[in-house]
């Protein structure tokens, strides 16, 4: 979830640390749950794809960003993950394959759940800070 309104972003920065922690905990919980779902839904041939999945946390002035990465950052792993997710045409001479949509399934399973968690955490933080 990305907050694009400057007023809301500033208000979230002005929250005390204890209340901002609620929002950070929710982001961490959802991203780790997304990693578990992706590993569960991913096809297992050699286990290399599942072993390469990880969660990437980045902190900036605007808050915490978390993303679940389907493969390591090297080019070969990224190409493999994308060809599994989206399928492959016959351009390589190896035939066509249908996509196995483990990333998009994970995104659709967790989207509404994560939005609800974020909304509850923000309501809890504003109530504890005495803003509401």
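Numbering (the working numbering), first residue to last: 3 to 134. From the three backbone atoms N, C-alpha and C, an ideal C-beta is built for every residue, glycine too.
| Item | Value |
| --- | --- |
| Alpha carbon of residue 27 to alpha carbon of residue 68, nearest angstrom | 11 Å |
| Min CB distance residue 111 to chain C below 8 Å | The structure shown contains no chain C, having only a single protein chain. |
| C-alpha gap between residue 30 and residue 65, whole angstroms | 12 Å |
| Coil, strand or helix - residue 127 by DSSP | helix |
| DSSP-derived helix/strand/coil call for residue 67 | strand |
| Assigned exposure category for residue 3 - 16 Cβ within 10 Å defines buried | Below a pLDDT of 50, predicted positions are generally treated as unreliable, and residue 3, at 48, falls in that range; the measurement from the model is reported next regardless. Classification of residue 3: exposed, given that the 10 Å Cβ count is below 16. |
| Of the listed residues 42, 36 and 49, nearest to residue 58 (C-alpha basis) | 36 |
| C-alpha distance - residue 111 paired with residue 43, whole-angstrom precision | 11 Å |
| Spatially closest choice to residue 53 from 32, 61 and 75, by CA coordinates | 75 |
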